[in-house]
Amino acid sequence: MNAPASIPTTAAAKLPAIREQFPTLAQTVHGKPLVYLDNAATTQKPWCVINAIAAYYEHDNSNVHRGVHALSQRATAACEAVRDKVRAFVNAAEPAEILFTSGTTEAINLVASSYGANAVGSGDEIVISTLEHHSNIVPWQLLCERSGAILRVIPISDDGDLDLDAYRGLLNKRTRLVAVGHVCNALGTVNPIHEIIDLAHGNGTPVLVDGAQAIPHMPVDVQALDCDFYAFSGHKVYGPTGIGVLYGKRRLLDAMPPYQGGGDMISSVRFEGTTYNELPYKFEAGTPNIAGAVGLGTAVDFLQTHLPEFIPLEAALMEYAESALAAVDGVTIVGAPQQRVGALSFLIDNVHPHDIGTVVDLQGIAIRAGHHCAQPLMERLGLASTARVSFGIYNTTADIDRLTAAIPEVVRIFG
Amino acid sequence: MLDLAELYQEVILDHNKSPRNFGPMTPPPTHQAEGYNPLCGDRFTVYVRLNDDVIEEIRFEGHGCAISKASASMMTEALQGMGREQAEAMFAEIHDMLTGKRKLDALDTDKLDKLVVLSGVCEFPVRVKCATLAWHAVHSAINTQGPVTTE
Ligand SMILES: Cc1ncc(COP(=O)(O)O)c(C=O)c1O
Numbered sequence: 001m002n003a004p005a006s007i008p009t010t011a012a013a014k015l016p017a018i019r020e021q022f023p024t025l026a027q028t029v030h031g032k033p034l035v036y037l038d039n040a041a042t043t044q045k046p047w048c049v050i051n052a053i054a055a056y057y058e059h060d061n062s063n064v065h066r067g068v069h070a071l072s073q074r075a076t077a078a079c080e081a082v083r084d085k086v087r088a089f090v091n092a093a094e095p096a097e098i099l100f101t102s103g104t105t106e107a108i109n110l111v112a113s114s115y116g117a118n119a120v121g122s123g124d125e126i127v128i129s130t131l132e133h134h135s136n137i138v139p140w141q142l143l144c145e146r147s148g149a150i151l152r153v154i155p156i157s158d159d160g161d162l163d164l165d166a167y168r169g170l171l172n173k174r175t176r177l178v179a180v181g182h183v184c185n186a187l188g189t190v191n192p193i194h195e196i197i198d199l200a201h202g203n204g205t206p207v208l209v210d211g212a213q214a215i216p217h218m219p220v221d222v223q224a225l226d227c228d229f230y231a232f233s234g235h236k237v238y239g240p241t242g243i244g245v246l247y248g249k250r251r252l253l254d255a256m257p258p259y260q261g262g263g264d265m266i267s268s269v270r271f272e273g274t275t276y277n278e279l280p281y282k283f284e285a286g287t288p289n290i291a292g293a294v295g296l297g298t299a300v301d302f303l304q305t306h307l308p309e310f311i312p313l314e315a316a317l318m319e320y321a322e323s324a325l326a327a328v329d330g331v332t333i334v335g336a337p338q339q340r341v342g343a344l345s346f347l348i349d350n351v352h353p354h355d356i357g358t359v360v361d362l363q364g365i366a367i368r369a370g371h372h373c374a375q376p377l378m379e380r381l382g383l384a385s386t387a388r389v390s391f392g393i394y395n396t397t398a399d400i401d402r403l404t405a406a407i408p409e410v411v412r413i414f415g
Numbered sequence: 001m002l003d004l005a006e007l008y009q010e011v012i013l014d015h016n017k018s019p020r021n022f023g024p025m026t027p028p029p030t031h032q033a034e035g036y037n038p039l040c041g042d043r044f045t046v047y048v049r050l051n052d053d054v055i056e057e058i059r060f061e062g063h064g065c066a067i068s069k070a071s072a073s074m075m076t077e078a079l080q081g082m083g084r085e086q087a088e089a090m091f092a093e094i095h096d097m098l099t100g101k102r103k104l105d106a107l108d109t110d111k112l113d114k115l116v117v118l119s120g121v122c123e124f125p126v127r128v129k130c131a132t133l134a135w136h137a138v139h140s141a142i143n144t145q146g147p148v149t150t151e
């Protein structure tokens with residue numbers, strides 16, 4: 001293990017001011033100041049996001065695209081402004097390629113359902129990987145059940161990296177879609193996403209990227225990646241729950257049938273037949289999560305402001321956590337991927353992760369214990385579950401110190 | 001205030017470290033069922049050999065947290081030699097204790113005996129399913145043969 005990295009000092013000096021923006025952080029849990037290390041599950045919300053949502057309900061609340069009145073126009077404008085903000089955030093070519101969904105899960109289901117309906121048939125193949133979250137597995141299994149397509153899985157090394165040679169071998173003329181995560185939520189593995197996309201495109205196959213765990217930690221440029229779909233959740237980037245984004249290339253979205261039917265997604269409805277609205281509304285049936293979109297817009301601003309300083313800070317924090325945890329007697333870090341961001345899984349000899357979670361919770365420390373919705377990965381690693389820490393913009397080395405200080409107690413109780 | 005020592009009592013830690021009646025059963029069981037907690041992936045199989053409606057032998061294997069393992073281990077000790085109906089009554093009693101439905105003073109603590117050390121679990125709602133896992137499995141084993149989950 002490397003010696004703990006030096007923490008970038010100017011960025012670190014701003015942490016107290018950043019932490020002050022998150023009201024949930026300023027509390028005690030079981031009598032101890034809260035240490036929140038479960039950001040891969042969801043992040044805390046800054047005042048600016050909370051206030052933006054409250055202000056929307058206080059001043060502008062109404063339905064979108066339906067009213068000629070002032071409030072409806074304001075709400076519509078707010079939603080569309082966020083769409084364009086998100087477009088710029090991921091560098092999509094046009095706002096119509098940004099679809100609002102309820103989250104990553106719905107975004108992936110939308111593609112499985114709509115793209116799958118036309119483009120995937122019996123004997124076709126979908127490629128996913130061993131590192132996937134259940135939400136990037138089950139929609140494809142359902143599609144395979146419906147269509148008779150076959151699911152192919154990219155294997156991983158013991159370190160937790162994708163086996164690219166095996167991936168090359170999986171691509172063939174029946175491969176209709178590659179759906180892979182950008183960053184693994186259980187191990188923090190950063191996948192070589194450029195290479196994965198290039199190889200798929202070399203085979204004429206489009207790629208969906210599950211970006212739920214990448215977006216909070218790195219700039220993403222969908223045009224530079226040339227990915228065909230990119231999905232992420234608002235609540236993992238300091239925004240509210242219930243709002244997420246699917247980016248899709250216009251060419252593909254145009255060719256896809258609607259996902260759900262209802263209001264807003266039509267241009268005219270007659271019993272003899274209905275014509276669908278244009279992008280992006282074709283994929284946004286019903287009243288959208290307007291307040292969620294407003295909150296997401298504020299969260300994107302917040303993230304973009306702080307990301308440049310957060311990236312080096314987080315890299316140092318990860319290195320610090322890796323060496324600090326590895327130095328504790330009885331602790332093993334799970335996997336050793338070539339590049340890791342955001343999340344770190346660990347085990348303690350003879351102690352079940354659930355018990356670790358409960359003991360440190362009573363010290364006010366929130367970590368995740370379980371299979372992280374990645375049961376096939378756990379099975380591949382020969383584990384039932386792990387303990388996981390995952391970082392947000394407000395975490396400090398002191399948070400890690402609190403965790404490592406709590407572990408000897410865990411070992412003492414169960415060892 | 002929640003107290004770790006209430007949850008992880010010495011007896012529980014001891015059963016976690018050295019589970020009793022752990023491992024496969026020979027001769028083979030007449031009844032068995034799996035208990036699975038999809039939330040955390042904990043999984044136990046409980047084996048029972050019923051003879052004339054009496055639990056002649058009971059064992060378990062699998063993996064889980066300290067609470068689920070200790071609860072399973074203590075369960076095998078408690079149910080050994082019991083009639084099916086007695087075992088079912090015990091299951092009901094334990095279930096009420098673990099879920100906090102009945103406080104200790106409303107329970108037959110003589111009958112529960114050592115199992116009362118598990119009563120602290122009801123203060124930790126997310127851990128209740130751990131403690132009931134093996135009990136659901138045994139309940140299922142002696143009634144049906146299918147797998148059970150605590151979900
Ligand atoms: C890699 C990954 N994909 C998808 C999801 C699902 O996100 P959501 O529950 O917000 O739809 C998660 C969330 O845990 C995740 O980590």
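Note that the protein sequences, when read in sequence, are chains A and B. Position 345 of the first sequence, counting from 1, maps to 345 under our numbering, and the rest follow consecutively. Position 9 of the second sequence, counting from 1, maps to 9 under our numbering, and the rest follow consecutively. Note that beta-carbon positions come from the ideal geometry of N, C-alpha and C, so glycine has one too.
- Taking all protein chains shown into account, A/His371 has 16 or more neighbouring C-beta atoms within 10 Å of its C-beta and is therefore buried.
- With a beta-carbon spacing of about 13 Å, A/Ala149 and A/Val178 fall beyond the 8 Å limit used to define contacts.
- Residue environment analysis places A/Asp355 among the buried positions, since at least 16 neighbouring C-beta atoms fall within 10 angstroms of its C-beta.
- Listed in chain order, the positions of the region 247-277 of chain A with a beta carbon within less than 8 Å of a beta carbon of chain B would be empty, since no residue qualifies.
- Spanning the alpha carbons of A/Ser233 and A/Gly103 requires a straight line of approximately 5 Å.
- If you ignore the 5 residues before and after A/Arg87, its C-beta comes within less than 6 Å of the C-beta of Pro95, Ile98, all in its own chain and listed in chain order.
- The contact set of B/Cys40 on chain A, defined by CB atoms closer than 8 Å, consists of Pro353, His354, Ala369, Gly370, His371, Ala384, Ser385 in chain order.
- Assigned with DSSP and collapsed to three states, A/Pro376 falls in helix.
- Distances taken from the Cβ of A/Ala293 to the heavy atoms of ligand 1 include none shorter than 7 Å.
- Look at A/His30: its C-beta is under 8 Å from a C-beta on chain B.
- In this structure, the C-beta of A/Cys373 approaches ligand 1 to less than 7 Å from one of its heavy atoms.
- Taking each of A/Arg66, A/Ala70, A/Asn51 in turn and checking the Cα distance to A/Asp60, the smallest one comes out for A/Ala70.
- In this structure, the beta-carbon distance from A/Thr287 to A/Asn63 falls below 8 Å.
- The secondary-structure analysis by DSSP pairs A/Ser129 across a beta bridge with A/Ile154.
- Nearest in C-alpha terms to A/Leu164, of all of A/Glu195, A/Leu317, A/Val29, is A/Glu195.
- Note that the C-beta distance between B/Thr45 and B/Glu57 is not below 8 Å.
- Those residues of the region 58-90 of chain B placed with their C-beta closer than 9 Å to a C-beta in chain A are His63, Gly64, Cys65, Ala66, Ile67, Ser68, Lys69, ordered along the chain.
- Taking the Cα positions, A/Ser72 is about 15 Å away from A/Val82.
- Distance from the CA atom of A/Tyr36 to the CA atom of A/Cys144, rounded to whole angstroms, is 39 Å.
- Chain A has a Cβ within less than 8 Å of the Cβ of B/Leu2.
- Take the alpha-carbon of A/Gly169 and the one of A/Ala387: they are about 34 Å apart.
- B/Asn16 belongs to the set of residues whose beta carbon lies under 8 Å from a beta carbon in chain A.
- With a threshold of 8 Å between beta carbons, B/Tyr47 makes no contact with chain A.
- If you look at A/Ser147, you'll find it in the alpha helix (DSSP H) that goes 138-147.
- For A/Val245, there is no enclosing alpha helix (DSSP H); the residue is found in the beta strand (DSSP E) stretching over 244-248.
- DSSP places A/Asp124 outside any alpha helix (DSSP H), giving it a letter other than H or E.
- Taking a beta-carbon distance threshold of 8 Å, A/Thr358 counts as an interface residue toward chain B.
- Among the residues of chain B, none has a CB under 7 Å from the CB of A/Leu15; the nearest is roughly 30 Å distant.
- Contact with chain B is absent for A/Phe346, since none of that chain's Cβ atoms lies less than 8 Å from the residue's Cβ.
- Between the C-alpha atoms of B/Ser73 and A/Asp161 there is a straight-line separation of about 38 Å.
- In this structure, the CA atom of A/Val359 is about 10 Å from the CA atom of A/Val411.
- Shortest gap from the CB of A/His306 to any heavy atom of ligand 1: 7 Å or more.
- Under the Cβ criterion of 8 Å, B/Arg127 is counted among the residues facing chain A.
- Linking A/Ala398 to B/Ala5 through their CA atoms gives a straight-line distance of about 26 Å.
- As a beta-bridge residue in DSSP terms, A/Ile365 pairs with A/Val35.
- In the three-state reduction of the DSSP assignment, A/Val331 falls in the strand class, which pools E and B.
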